[in-house]
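One point on numbering: in our numbering, the residue at position 47 of the sequence shown is 32, and numbering is uninterrupted.
Don't be surprised by glycine CBs; every beta carbon is placed ideally from N, CA and C.
Worksheet: one structure, shown below.
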Amino acid sequence: MWQFLILVSVIISIYILTRISNQSRKAIKGNQIETEIVKCKVCNLNIPQTEAIRVDGAWCCAKKHIH
Ligand SMILES: [Zn+2]
-14 MWQFLILVSV IISIYILTRI SNQSRKAIKG NQIETEIVKC KVCNLNIPQT EAIRVDGAWC
46 CAKKHIH
């Protein structure tokens, strides 16, 4: 009987470990979605949205483009 209990506890621990790894993978995917690549309307450079500046409904890579 105790051998069966060990088998069940091993299965449960494997299940928990796979759930934890799936959750961390989802977190990585979520970060990738947040950094979207946008194109600068002035010099057509592809840059991360976090480094871009929004000007008149379009994206710009640097403040020097704003007139
Ligand atoms: Zn630019």
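Closer than 7 Å: residue i CB and nearest ligand 1 heavy atom
i: Ala43; result: no
Between the CA atoms of residue j and residue i - distance to the nearest angstrom
i: Ile32; j: Ile(-3); result: 45 Å
i: Val(-5); j: Gln8; result: 20 Å
i: Trp44; j: Cys28; result: 10 Å
i: Asp41; j: Val23; result: 14 Å
i: Glu36; j: Cys25; result: 11 Å
i: Arg4; j: Glu21; result: 27 Å
i: Leu30; j: Lys11; result: 29 Å
i: Ile(-9); j: Cys46; result: 59 Å
Bridge-paired residues (DSSP) for residue i
i: Val40; result: Ala43
Own chain, CB closer than 7 Å to residue i, minus 5 neighbours either side, in chain order
i: Ile(-1); result: none
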